[in-house]
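Here the numbering used here is used: the first residue of the sequence shown is 375, the next is one more, and so on. Each remark here refers to the structure printed beneath this line.
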Amino acid sequence: SALTGRIIAAAQEVHRVLGPGFEEVIYQRALAKELPAHSLDHTREVWIDVLYKGEKVGRK
């Protein structure tokens with residue numbers, strides 16, 4: 375879909391600029407800065423309920 379394409383393009387740009395070898399958090403922060411350039415709103419590190427067979431077993 376078009377949305378998937380924009381997300382992939384943003385991630386590829388981050389990787390093109392930074393290259394490999396950084397900790398995950400560096401790529402997360404860079405992607406958070408790149409997504410708006412691709413008209414993508416986002417929220418980082420959102421807590422969600424984890425369900426197992428319809429029952430809440432935790433939060434992540």
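Don't be surprised by glycine CBs; every beta carbon is placed ideally from N, CA and C. If you're wondering where the values come from, they're calculated on a predicted model, not measured in any experiment.
Spatial neighbours of residue i in its chain, beta-carbon cut-off 7 Å, leaving aside the 5 residues before and after
{"i": "Val-388", "result": "Tyr-401, Ala-404, Leu-405 and Glu-408"}
{"i": "Ala-383", "result": "His-412"}
Bridge-paired residues (DSSP) for residue i
{"i": "Glu-397", "result": "Glu-397 is not bridged to any residue."}
{"i": "Leu-425", "result": "Lys-430"}
For residue i, three-class secondary structure by DSSP
{"i": "Gly-432", "result": "strand"}
Which listed residue (the options) has its alpha carbon closest to that of residue i
{"i": "Glu-398", "options": "Thr-378, Glu-419, Gly-379 and Leu-414", "result": "Glu-419"}
{"i": "Pro-410", "options": "Ile-381, Ala-376 and Ser-375", "result": "Ile-381"}
Boundaries of the alpha helix (DSSP H) in which residue i is found, first to last residue
{"i": "His-389", "result": "376 to 392"}
Close-in-space but distant-in-sequence residues of the same chain around residue i (CB under 8 Å, 5 per side omitted)
{"i": "Arg-433", "result": "Trp-421, Ile-422, Asp-423 and Val-424"}
Residues near residue i by beta carbon distance below 6 Å, same chain, minus five either side
{"i": "Lys-430", "result": "Asp-423"}
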